[in-house]
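A short write-up of the structure that comes next.
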Amino acid sequence: MTAPIPRDIPDLPALPRTAPALLPSVVPARAVVPPVRRPLTAVYRLVLAVVATAAVLIEILLGSPTRVLSYFVIQSGVLLALVTFASARRAWTARHPLPGAVTGAALLYVVMAALVHHILLADASPAFSMTGPASGGASWLEPVAAHTLHTVLPVAAVLDWLILTPPARMHLRQAQTWLLYPLAYLAFTLGRGELLPGSPVRYLYPFLDVARHGYRSVLANGLLVGLAFYAVAVLLVALDHTRPKTRFRL
1485 MTAPIPRDIP
1495 DLPALPRTAP
1505 ALLPSVVPAR
1515 AVVPPVRRPL
1525 TAVYRLVLAV
1535 VATAAVLIEI
1545 LLGSPTRVLS
1555 YFVIQSGVLL
1565 ALVTFASARR
1575 AWTARHPLPG
1585 AVTGAALLYV
1595 VMAALVHHIL
1605 LADASPAFSM
1615 TGPASGGASW
1625 LEPVAAHTLH
1635 TVLPVAAVLD
1645 WLILTPPARM
1655 HLRQAQTWLL
1665 YPLAYLAFTL
1675 GRGELLPGSP
1685 VRYLYPFLDV
1695 ARHGYRSVLA
1705 NGLLVGLAFY
1715 AVAVLLVALD
1725 HTRPKTRFRL
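Laid out in structure tokens, this is it:
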């Protein structure tokens, strides 16, 4: 005989957990995603680095090296050349790209140098020049180099960022760090002016000329330019996170 099946089966006790819960992985996604060679991207960035280097060298050869190297646009052009050359090498050898903090800083500096030039210096009287009056057959080289530094390179860098760089690699916390270099440059150019009291080019930019405007106006101008730096940095970060996440394999 078999026992009758009970109508109500009592609840079974829960089985004890024998395996620990899986912990969240701390390995970044790029560590498990194999990089891909991007030869066209590498060629574009290599050309950009070469053009930036050539423009800087032309300005140095046509003027005083110590004076030319003191300009913000020259320093940002050197940084852009170094960053794009390293990025080209990484794209050619299928390595992970440079951190967004580095590429974002180079982009911000060349863009701000271009904006300051076209808004404050392009129509200045007398005409703004980093090398002084050109002479001989090289009179056309300085305008070409200046146009390359202030217009061609910023546009090319923005295109590289928009088309060839993966999105969402910049962060808002980096914007404050990017401001350290412009702040240090302001201190440098004011200190340079104090160390060259009799030089006609003691102040590199007209809006930072303490002898003409006084410290109050110069510091106010520096504050406005600094706020513009931060606003453009925040805008770049915002645009970087709203761009479509399309994978480019050029």
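Heads up: the sequence shown at position 188 corresponds to 1672 in the numbering used here, and the numbers run straight through without jumps. Cβ atoms here follow ideal geometry from the backbone N, Cα and C, with glycine treated the same way.
Given residue 1608 as reference, the closest of 1551, 1720, 1689, 1719 once Cα atoms are compared: Nearest option by C-alpha distance: 1689.
Does residue 1681 pass the burial test, meaning 16 or more other C-beta atoms within 10 Å, or should it be called exposed? Counting Cβ neighbours within 10 Å, residue 1681 comes out exposed, since fewer than 16 surround it.
Taking only three categories from DSSP, how would you classify residue 1623? Helix.
When you compare the stretch 1574-1591 with the stretch 1535-1549, are there three or more beta-carbon pairs, one atom per stretch, that lie closer than 8 Å? Contact fails: fewer than three Cβ-Cβ distances are below 8 Å.
For the alpha helix (DSSP H) containing residue 1570, list its first residue and its last residue. Bounds of the alpha helix (DSSP H) holding residue 1570 are 1556-1576.
Best match in 1563, 1579, 1553 for proximity to residue 1676 [C-alpha to C-alpha]: Closest option to residue 1676, Cα to Cα, is 1553.
Looking at C-alpha atoms only, which residue of 1557, 1526, 1547 is the closest neighbour of residue 1578? The candidate whose alpha carbon is nearest that of residue 1578 is 1526.
For the stretch 1690-1710 and the stretch 1598-1612, state whether three or more C-beta atom pairs, one from each stretch, are separated by less than 8 Å. Touching, yes, given that three or more Cβ pairs across the two stretches are closer than 8 Å.
CB of residue 1650 within 7 Å of CB of residue 1724, strictly: For residue 1650 and residue 1724, no; Cβs fall outside 7 Å.
Could you name the residues of the same chain whose beta carbon sits closer than 7 Å to that of residue 1551, not counting the 5 residues immediately before and after it, in chain order? Excluding residues up to 5 positions away in sequence, 1685 lie with their Cβ nearer than 7 Å to the Cβ of residue 1551 in the same chain.
Output yes or no for whether 7 Å exceeds the beta carbon distance between residue 1698 and residue 1670. Annotated as distal: residue 1698 and residue 1670, with beta-carbon spacing of 7 Å or more.
Taking contact to mean 3 or more Cβ pairs, one atom from each stretch, closer than 8 Å, check whether the stretch 1700-1717 and the stretch 1622-1631 are in contact. They do not touch, by the three-pair rule.
Restricting to Cα atoms, I'd like to know which of 1674, 1721, 1666 is closest to residue 1713. For the residues 1674, 1721, 1666, the minimum Cα distance to residue 1713 belongs to 1666.
Report the rounded CA-to-CA distance for residue 1561 versus residue 1543, giving the unit in angstroms. If I take the Cα positions, the gap works out to 11 Å.
Round the Cβ separation of residue 1597 and residue 1556 to the nearest angstrom and send it over; I've been treating them as touching at under 8 Å. Residue 1597 to residue 1556, Cβ: 6 Å. Contact.
Going by DSSP in three states, residue 1726 sits in which element: helix, strand or coil? In the displayed model, residue 1726 falls within a helix according to three-state DSSP.
Find the nearest neighbour of residue 1640 within the set 1663, 1624, 1595, judged by alpha-carbon distance. With distances taken between Cα atoms, residue 1640 lies closest to 1595.
Taking 6 Å as the cut-off, is the beta-carbon of residue 1527 closer than that to any non-hydrogen atom of the ligand ZN? Here there are no bound small molecules, and the ligand ZN is not part of this structure.
What distance in whole Å lies between the Cβ atoms of residue 1653 and residue 1575, which are believed to be in contact at a cut-off of 8 Å? Between residue 1653 and residue 1575 the Cβ distance is about 14 Å, and since that is not below 8 Å, they are no contact.
Can you tell me where the alpha helix (DSSP H) holding residue 1529 begins and where it ends? 1523-1546 is the extent of the alpha helix (DSSP H) around residue 1529.
Helix, strand or coil: how does DSSP classify residue 1609 here? If DSSP states are grouped into helix, strand and coil, residue 1609 belongs with coil.
Does DSSP put residue 1665 in a helix, in a strand, or in coil? Note: residue 1665 maps to helix in three-state DSSP.
Using only CA atoms, which one of 1580, 1549, 1586, 1547 lies nearest to residue 1566? Ranking 1580, 1549, 1586, 1547 by CA distance to the CA of residue 1566 puts 1586 first.
Nearest to residue 1720 by CA position, among 1583, 1655, 1696, is which residue? Closest option to residue 1720, judged by alpha-carbon separation, among 1583, 1655, 1696: 1655.
When DSSP labels each residue in this structure, what does residue 1698 get in the three-state scheme? If DSSP states are grouped into helix, strand and coil, residue 1698 belongs with the helices.
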